[in-house]
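Inspection log for the structure reproduced underneath, given as C-alpha cells.
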Amino acid sequence: MRFSFANVALQALSHNSGWPEQWRNAEPKAAYDAVIIGAGGHGLATAYYLAKEQGLSNVAVLEKGWLGGGNTGRNTTIIRSNYLWEESAALYEHALKLWEGLSQELNYNVMYSPRGVMMLAHNTHDVQVGKRHVHANRLAGVDNEWLSPEEAKAFCPLLNVARDIRYPVVGAALQRRGGTARHDAVAWGYARAASARGVDIIQNCEATAIRRDASGAVSGVETTRGAIAAKKLGVVAAGHTSVVMAMAGVRMPLESYPLQALVSEPVKPMMPCVVMSNTIHAYMSQSDKGELVIGAGTDAYISYSQTGGLHIANHTLEAICELFPTVRRMRMLRNWGGVVDVTPDRSPIIGSTPVPGLYVNCGWGTGGFKATPGSGHVFAHTIARGVPHPLAAPFTLDRFRSGRLIDEAAAAAVAH
Ligand code: FAD
Ligand code: PYC
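At position 335 of the sequence shown (counting the first as 1) the number is 1463 in our numbering, and the numbers step up by one without a gap.
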C-alpha cells in the first residue's frame, strides 16, 4: 500500500492492529499436504491450528468467493457456552476459553466483548428448560445463573418486564462470560496469522470436483483455477457442505435453510448486553458501531437463498418492539441472510468420512460462530492425526448410523 494521507486516515480508522489485506492472497500451487475448502472462520482457524500446533504448514484454504463472505461475515456474533449436554458444553466452553485470549493469540483485535448473554423465559416451560440448563451448566463448571424479571431488568434496563404484554418476561438465564465479537475481524485475524505461518489463502477459487486414487482415497481437488494434488481434504463449506461432499459421493444428513438478520441506524450506546428469546425467535445486541443487531428465525423451507422471508423479519421486529418499546421508532438500515446447514440432531459433524483422506466440519446450523476457535482447533487435530480430538469424538458422522445422537436443543436456539 502506497503512503498517502487517506491511507493513514484509513489505518487510523481501522479498529485492528493490522490492515485486513495483510494476508497473502496466494496463487494455487500444484500440491499441498492438506487443502481446506471454505475460507470462513472455521476453515481459516483450522488452517491456523494446522500450521501452529500440528506442524502442517504446506496447507491451502480455497474460497469460491471472498474471505469471510459466507456465514462468518453474516452472523450476529453471539458467543456463549450454555449448552445442555456435556458433549456440547465441553466443546463450546473450549471455544469460549479460546475467545478469551484470541486477540492476543492472533495479535489482532477481534473485539471479543463478554457483555453477558441473557436468555428470556416467557412461560412455565421456558422456566423449566432454562433452569435445567443453569443446573446442568453449573455442574459442568460452566457459568450460568437464573434471574427474576426484576433482576433481568436491572441487567438490561431497556427490557420491558410488564406482565400484560404478549410475551411477558417471567425469568431469564444469564451467562455473564457470553458476549459478542467482530465477525469479519475473526476471519481476517485467522487469515493473517495463518498466512504468516505459510498457509496459502486462495480466493475466487471454487472446488468443483474431488479426485480419488485407485484405492478410493482422496488424491486432490479440481478448482476453477486448476487441479491441486492433496492427500488430505477438509470440507468446511457451511450451507453448501452437501454439494461439496457429493463430489466425493458422500451423502450428508444435512438440510440448508436461510437465516436472516438486520441492523438499525447507529445510535449512542443503549443496549448493554445480548438478549435472546428462543420462544419468539428474536434477539438483540448493539454493535460497537452503534447499530442494534437483531436476528430472526430460519425460514420454514429449505433453500439456498441468501435472503429470508419478509414475514419472518416482521414477526421478529414486532416482538422486539414489545420487549424493547424504546426502539419502536428506529429505522432499520439493512438486512441480509445466510445459508446454514442443519443436522437432524442440531449438533455439528466434525471428523473423518467413509472416503480416506476426506474430513468434514459442518452442521453448525444457526450457532457456529461462537464455536469458531474451538472448532478449528479440534478439526486441525483430527485432520493432522487421523483420529478425532477427544472433544470432537462425540460429533462424528458415524453417530447417524449408531443412533448415538446428541440432540442438543439449545444448539440452534433460534431455529426451532
Ligand atoms: P462460512 O463462513 O459460511 O464459510 C464457508 C465458506 O465456504 C464460504 O465462504 C463459502 O463461500 C465457501 N464455499 C462453499 N462452497 C465452496 C466451494 N465449492 N469451493 C470453495 N469455497 C466454498 N452463530 C453463532 O454462534 N452466533 C450467532 O449469533 C449467529 N448468528 C447468525 C446469524 C445469521 C443471520 C446467520 C446466517 C448465521 C448465524 N450464526 C450464528 C451461524 C454462524 O454464522 C455459522 O455457523 C458459522 O459462521 C459457520 O462458519 P463457517 O466458517 O463454517 O462457514
Ligand atoms: O447460537 O446463540 C446462538 C445464536 C444466536 C443467534 C443465532 N445463533
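A virtual CB, placed ideally from N, CA and C, is assigned to each residue, including glycine.
Keep in mind the model is a prediction, meaning the values are calculated, not measured.
Pull up the DSSP beta-bridge partners for residue i, would you.
| i | result |
| --- | --- |
| leucine 1178 | In the DSSP output, where bridge partners are listed per residue, leucine 1178 has none listed. |
| leucine 1230 | Per DSSP, none; premise fails for leucine 1230. |
| aspartate 1328 | Ala1188 |
| leucine 1486 | Leu1361 |
| threonine 1308 | Ser1241 |
| isoleucine 1477 | Cys1490 |
| valine 1403 | Met1246 and Met1412 |
| asparagine 1153 | Ile1329 |
| glutamate 1383 | Val1470 |
| alanine 1159 | Ala1357 |
| valine 1346 | Arg1340 |
Do the CB positions of residue i and residue j come within less than 8 Å of each other?
| i | j | result |
| --- | --- | --- |
| leucine 1287 | alanine 1508 | no |
| threonine 1174 | alanine 1389 | no |
| leucine 1519 | leucine 1219 | yes |
| valine 1346 | arginine 1340 | yes |
| alanine 1223 | threonine 1471 | no |
| aspartate 1469 | leucine 1361 | no |
| glutamate 1536 | arginine 1294 | no |
| tyrosine 1176 | glycine 1504 | yes |
| alanine 1315 | leucine 1195 | yes |
| glutamate 1365 | isoleucine 1534 | With the sequence shown as reference, residue 1365 is identified as alanine, and glutamate is not the correct amino acid for it. For alanine 1365 and isoleucine 1534, no; Cβs fall outside 8 Å. |
| isoleucine 1478 | valine 1515 | no |
| methionine 1404 | glutamine 1414 | no |
| glutamate 1278 | valine 1289 | yes |
| threonine 1351 | proline 1156 | yes |
| isoleucine 1448 | methionine 1412 | yes |
| proline 1476 | phenylalanine 1528 | no |
| leucine 1230 | valine 1238 | yes |
| alanine 1512 | glutamine 1182 | yes |
| valine 1391 | arginine 1459 | no |
| glycine 1344 | alanine 1357 | no |
| alanine 1355 | leucine 1172 | no |
| phenylalanine 1452 | histidine 1311 | no |
| arginine 1474 | glycine 1493 | yes |
By Cβ distance, which residues of its chain are closer than 7 Å to residue i, with the 5 residues on each side in sequence left out?
| i | result |
| --- | --- |
| glutamate 1233 | none |
| alanine 1154 | Asp1328, Ile1329 and Ile1330 |
| methionine 1373 | Val1363, Met1380 and Val1488 |
| cysteine 1284 | Met1246, Pro1400, Cys1401 and Val1403 |
| glycine 1423 | Thr1204, Ala1389, Tyr1411 and Val1542 |
Can you tell me which of the three DSSP states residue i falls into?
| i | result |
| --- | --- |
| tryptophan 1147 | With a pLDDT of only 47 at tryptophan 1147, under 50, the local geometry of the prediction cannot be trusted, and no value is derived from it. |
| isoleucine 1430 | coil |
| alanine 1070 | Not covered by the structure: residue 1070. The range shown for the chain is 1129 to 1544. |
| asparagine 1442 | helix |
| glutamine 1388 | strand |
| glycine 1351 | According to the sequence shown, residue 1351 is threonine rather than glycine. DSSP places threonine 1351 in strand when its eight states are reduced to three. |
| proline 1556 | What is shown of the chain runs 1129 to 1544, which leaves residue 1556 out entirely. |
| asparagine 1463 | strand |
| threonine 1252 | helix |
| alanine 1301 | strand |
| serine 1415 | coil |
| lysine 1359 | strand |
| tryptophan 1316 | helix |
| cysteine 1449 | helix |
| methionine 1373 | helix |
| leucine 1219 | helix |
| isoleucine 1165 | strand |
| glycine 1198 | coil |
| glycine 1496 | coil |
| glutamate 1536 | coil |
| alanine 1520 | coil |
| leucine 1420 | strand |
| isoleucine 1207 | strand |
| glycine 1504 | helix |
| glycine 1367 | coil |
| glycine 1171 | helix |
| phenylalanine 1528 | helix |
Enumerate in chain order the residues of its own chain whose CB-to-CB distance from residue i is below 6 Å, with the five nearest sequence positions on each side excluded.
| i | result |
| --- | --- |
| glycine 1258 | Ala1249 and Ala1301 |
| lysine 1359 | Gly1485 |
| alanine 1376 | Ile1338, Val1483 and Leu1486 |
| serine 1480 | Tyr1487 |
| glutamate 1191 | Ala1167 and Gln1331 |
| serine 1431 | Pro1386 |
| glycine 1317 | Leu1234, Tyr1236 and Val1238 |
Excluding the five sequence neighbours on either side, which residues of its own chain have a C-beta within less than 8 Å of the C-beta of residue i, listed in chain order?
| i | result |
| --- | --- |
| arginine 1304 | Pro1242, Gly1244, Asp1271 and Glu1273 |
| serine 1276 | Gly1299 |
| serine 1384 | Gly1367, His1368, Ser1370, Ile1430, Ser1431, Tyr1432, Val1467, Val1468, Asp1469 and Val1470 |
Going residue by residue through the segment 1257-1298, where are the continuous alpha helix (DSSP H) segments of at least 4 residues, counting only ones entirely within it?
1277-1283
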